[in-house]
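Novice: Pasting a structure here, questions to come.
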Amino acid sequence: MNYAEDRLDRRARASSACSFAINRSSSVEVGVNETTSTKLSTSQELEHDLNQAHSVIRRHSAQSSPCIQFLHRQTNEGNISGNDSCSQRSTLEELMDAHQLAGRTLRDRGSNRQAVFHFGVAWKICHRLNSHFLPSPDDCDSNYDRSGMLSEEQRDDACDTGPARIICPEWKAVGDYAQMAEFAGFPEVGVIALLYYRAGGSIQCCASDISDSFCWPIQQHRIDNEIAHDQVECTDSGCGCGLAGCGRSPCYLAFSSSSALVDHILQAFDALSLTFKRVKATKNIASCSKESQKALPSALDILNQISLMSGKTSSVRTNKDRFLIMYHYMSERMDCLKVPSILQFWNTCAETLNATNPSVSDTFRSMHSVLLLLLLKLLYSSPVSGPFFRLACHSIPYLSALLPTSSTEGRFLAKHYKSHWAYYIFMRALVLGERIKKKQSSGSGVYHIPVWDICFGSDACTTSTDARLNSTGKREDHAFSIYARDLLDQLTNTITSDSSSPSVPSVLSFDLPHPPIYVLGDSHVLSLAWQSVCISPFFQFQAILERLLRGKSSNQLQMKNQQAHTKQTVIISAGEIDCREGIGGSLLQGYYENCNDAVEQTVIQYLNSVSLLAKEFHLQILLMPVAPHAYRSEKNGKALGRAKRRETMHLWNEILREELCRSNSRKYSNLFLLDFEERLRINDPQSPVGYVLHPSYNADYTHVNSAVVRLLQESLHECGCDLNLF
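Numbering (full-length UniProt numbering), first residue to last: 1 to 726.
Structure representation (structure tokens):
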């Protein structure tokens with residue numbers, strides 16, 4: 001689940017292998033292209049891991065294997081105790097580790113549908129291990145207290161420095177599966193899986209899940225970089241593991257879609273949608289009393305409450321106490337917008353669980369802090385919008401109290417789960433970030449509007465007759481549970497169907513007042529999420545709905561989104577990852593004469609790839625520039641790296657302008673640059689490029705806030721694209 005750290009670890013091992021290959025070639029005086037050596041070493045590293053996983057899986061998938069026999073006996077006879085049971089424990093652990101290794105390797109190769117299968121099977125085995133060898137299903141997470149805080153044992157376990165592992169904690173297994181489901185393009189499945197786990201759901205691990213008895217002939221071939229993307233689309237072949245379910249479904253379901261608990265979760269989302277539909281959180285809330293209307297908090301109110309609890313003069317010392325104070329504060333002011341208890345994933349405190357629903361409080365698992373951050377990320381970035389978006393916004397005040405940035409837990413997560421923590425800090429800044437006053441902004445009326453105020457209608461600027469995301473549209477007539485049930489059923493049916501083209505329903509975007517503009521790309525697209533822009537000359541507001549492609553650099557873009565390629569115009573954000581961590585490595589290893597050459601080659605490859613996508617899907621594609629980073633102090637020893645990144649970003653944007661704006665001939669007829677980057681700047685003589693990001697647009701020192709929407713709107717009119725194609 002620690003995707004960013006896994007990626008760095010694999011890169012380090014690949015670099016080590018590359019150095020060995022280069023040194024060996026030099027010793028025998030054979031000329032070797034270093035770029036080729038890097039690709040080969042990375043491919044060999046992945047192939048080695050995959051072969052290692054396949055070897056274990058094949059050994060234990062035969063019908064005569066002790067592992068299969070054990071699961072058959074356990075299914076028929078119930079739990080088996082004694083030496084016979086204990087003798088199979090290490091075998092199941094070995095098999096679980098093999099599926100996890102296969103999942104990580106396939107994920108890193110882009111074979112998402114195969115990776116989600118292996119992570120799903122690993123979760124099933126982990127659940128079986130914990131439920132069979134421990135007194136209760138949740139004892140594997142016994143280091144986790146009911147307040148939702150990390151214990152010392154958990155910290156040791158999370159960074160693998162503690163005592164020898166007895167059984168893999170199930171929270172890790174379900175987290176890997178949920179994150180991989182999102183990578184495969186189905187964040188809805190990841191959300192349901194995490195809520196299912198929290199609600200105490202049980203999953204079955206049968207012999208058929210790990211057996212090759214139902215397998216058809218599979219061509220055993222090497223998975224290379226060049227064919228990895230083709231395999232993603234293949235539905236009648238797996239990764240070579242020999243298991244029938246591998247790759248059969250676009251997103252393998254590890255839990256039963258027919259479970260009553262799943263129905264309960266889906267119905268809770270329907271109830272949440274109906275609650276917001278009735279309330280219509282605007283200035284005139286008909287369903288609330290006058291007292292409740294006055295008390296509905298704005299983002300600034302919540303920030304003030306957090307400041308009171310976390311300030312130096314505050315007497316509140318524990319995160320649990322902060323959570324209880326925030327819980328009572330929100331309960332009093334959001335009484336008309338109650339969230340069903342099964343969806344209150346932030347509620348990890350025994351006192352508040354008993355207060356909301358005493359009958360089920362004992363069945364709920366306390367979610368690990370990392371799972372809280374992951375679930376928030378899936379909810380906020382999912383194109384489903386509606387109940388997902390509102391639940392994400394509703395959780396932010398509670399998570400802010402539960403996981404303060406300066407707390408021990410916050411520092412631990414920032415150190416060991418950097419990616420999850422960084423997303424949380426960014427989303428918190430977008431949802432609650434304090435608005436920059438007009439006199440402090442870079443221009444008239446340019447300021448960040450907290451997403452909380454948009455969602456709950458507590459800001460005068462966002463609650464006009466348009467009413468933004470709180471208006472009632474035709475899409476709201478489609479119950480979320482109907483859509484989700486259709487999705488789960490079709491994902492289940494693809495496992496038993498021989499169809500090579502499974503029909504998966506498109507994502508319905510609930511409660512949007514206007515048709516969406518799809519924005520694809522890295523984390524920077526979240527700055528635009530759930531905002532609205534005016535498309536000239538029709539003066540029509542359209543909500544921006546993003547598809548987040550995590551960890552994607554400019555040369556890894558694929559048009560796999562089911563909704564985006566049905567539109568005529570798509571906005572793409574890419575390049576920041578290349579400027580931050582990709583291009584510098586090429587210079588250090590001597591692939592290019594200087595960074596300028598590396599940046600230019602990367603931008604040209606990026607434009608060529610996007611141009612092919614535009615032609616294939618008949619799109620006009622609007623490219624966002626790379627926003628400059630905000631000013632940072634030079635005292636922490638990172639000044640040199642930041643200076644190099646600023647220079648790289650400046651050059652990246654200049655090359656984009658040269659290719660798309662200044663060139664006399666239109667080489668890329670369907671590509672247009674949203675050229676607003678220069679308007680994001682403020683002069684800074686200490687910066688190597690002479691400027692940094694203007695404070696008015698700063699979200700978290702790396703990303704911009706929603707104030708950029710106005711600049712994007714202006715650049716839409718200036719870039720030369722066909723506004724009739726939105």
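Backbone N, C-alpha and C fix where the C-beta goes; we use that ideal spot for every residue, glycine too. Fair warning: this is a prediction, and the values are worked out from it, not measured in the lab.
Identify whether G410 lies in helix, strand or coil by the three-state DSSP scheme.
Specialist: Helix at G410.
Novice: Pull up the DSSP beta-bridge partners for Y691, would you.
Specialist: N683.
Novice: Can you look up E718 in the DSSP assignment and give me helix, strand or coil?
Specialist: The answer is helix: DSSP assigns E718 an H, G or I state.
Novice: Where R190 and H132 are concerned, what is the direct C-alpha to C-alpha distance, given to the nearest angstrom?
Specialist: What sits at residue 190 in the sequence shown is Gly, not Arg. Their Cα atoms are separated by approximately 25 Å.
Novice: Name the DSSP beta bridge partners of L622, please?
Specialist: Per DSSP, I571 and F672.
Novice: Hey, G521 and I604: beta-carbon distance below 8 Å or not?
Specialist: Not in contact: G521 and I604 (Cβ atoms no closer than 8 Å).
Novice: Count the other CB atoms within 10 Å of the CB of E576; is the residue buried (16 or more) or exposed (fewer)?
Specialist: Classification of E576: buried, given that the 10 Å Cβ count is 16 or more.
Novice: Can you give me the C-alpha to C-alpha distance between L671 and V533, rounded to a whole angstrom?
Specialist: Using only the alpha carbons, I get a separation of about 20 Å.
Novice: Out of S341, F255, F269 and Q44, which one is the CA nearest neighbour of G120?
Specialist: Cα-wise, what sits closest to G120 is F255.
Novice: Going by other Cβ atoms of all chains shown within 10 Å of its Cβ, with 16 needed for buried, is G386 buried or exposed?
Specialist: Label assigned to G386: buried.
Novice: Have a look at H629 and I192 and give me their C-alpha separation to the nearest angstrom.
Specialist: Their Cα atoms are separated by approximately 36 Å.
Novice: Is the CB-CB distance between R278 and C205 below 8 Å?
Specialist: No, the pair does not count as a contact, with Cβ atoms beyond the cut-off.
Novice: Is the beta carbon of I621 less than 8 Å from the beta carbon of L613?
Specialist: Yes.
Novice: Would you grab the beta carbon distance between E94 and V56 for me? Rounded to a whole angstrom, and I think it's under 8 Å.
Specialist: Yes, they are in contact, since the Cβ atoms of E94 and V56 sit about 6 Å apart, within 8 Å.
Novice: For H99, which residues of its own chain have a beta-carbon under 6 Å away from its beta-carbon, when the five flanking residues on both sides are left out?
Specialist: Result list for H99: H118, V121 and A122, in chain order.
Novice: Residues in the same chain with beta-carbon distance under 6 Å from L488, minus the five sequence neighbours each way, listed in chain order, please.
Specialist: Excluding positions up to five away in sequence, the list reads S257.
Novice: Could you check the C-alpha separation between Y177 and K644 for me, to the nearest Å?
Specialist: Y177 and K644: Cα-Cα distance of roughly 37 Å.
Novice: When you compare each of L50, G247, C336 and E647 to T275 by their alpha carbons, which one comes out closest?
Specialist: Taking only the C-alpha atoms, the option nearest T275 is C336.
Novice: Kindly list the residues whose CB is nearer than 7 Å to the CB of N596, restricted to its own chain and excluding five residues on each side of it in sequence; keep chain order.
Specialist: Once the five neighbours on either side are set aside, the close Cβ partners of N596 are L651.
Novice: H416: which of M624, E47, K377 and S369 sits nearest, CA to CA?
Specialist: For H416, the nearest C-alpha among the options comes from S369.
Novice: For E678, which option in E188, Q568, P685 and V689 has the closest C-alpha, if you only look at C-alpha atoms?
Specialist: Checking every option, the nearest Cα to that of E678 belongs to V689.
Novice: Got a sec, what are the start and stop residues for the alpha helix (DSSP H) residue 812 sits in?
Specialist: It is not possible to answer for residue 812, since the shown part of the chain is limited to 1 through 726.
Novice: Thinking just about the alpha-carbon of each residue, which of P625, N705, E658 and L693 is nearest to the one in S715?
Specialist: The option with the nearest alpha carbon to S715 is P625.
Novice: How big is the Cα-Cα spacing for F676 and E658?
Specialist: Taking the straight line from one Cα to the other gives about 14 Å.
Novice: Going by alpha carbons, who is nearest to I425 out of I482, S527 and N347?
Specialist: Considering only alpha carbons, the answer is S527.
Novice: For A699, tell me which candidate among Y691, Y423 and V570 has the shortest Cα-Cα distance.
Specialist: Taking only the C-alpha atoms, the option nearest A699 is Y423.
Novice: Comparing alpha-carbon positions, which option in S298, M309 and K320 lies nearest M334?
Specialist: M334 has its Cα closest to that of S298, out of S298, M309 and K320.
Novice: Exposed or buried, G311, counting other C-beta atoms within 10 Å across all chains shown (16 or more means buried)?
Specialist: By the 10 Å Cβ count, G311 comes out exposed.
Novice: Cβ of R632 within 8 Å of Cβ of Y701?
Specialist: Yes. Within cutoff.
Novice: How many Å lie between T352 and Y327 at the Cα?
Specialist: Their backbone Cα atoms lie some 8 Å apart in a straight line.
Novice: Could you tell me which residues DSSP pairs with I454 in its beta bridges?
Specialist: Bridge partners of I454: none, in fact.
Novice: For the candidate residues A484, E182, Q179 and I125, whose alpha-carbon lies nearest to that of Q88?
Specialist: That would be I125, whose Cα lies nearest to the Cα of Q88.
Novice: When DSSP labels each residue in this structure, what does I449 get in the three-state scheme?
Specialist: Three-state DSSP puts I449 in coil, outside helix and strand.
Novice: Suppose the cutoff is 7 Å on Cβ atoms and the five residues either side in sequence are ignored; what does the same chain contact list for S314 look like?
Specialist: Hits under 7 Å: L308.
Novice: Between the C-alpha atoms of V709 and Q531, what's the straight-line distance to the nearest angstrom?
Specialist: Each residue's alpha carbon lies about 7 Å from the other.
Novice: Which residues in the same chain as L373 place their Cβ atom closer than 6 Å to its Cβ, once the five residues preceding and following it in sequence are excluded?
Specialist: The residues are H420 and Y424.
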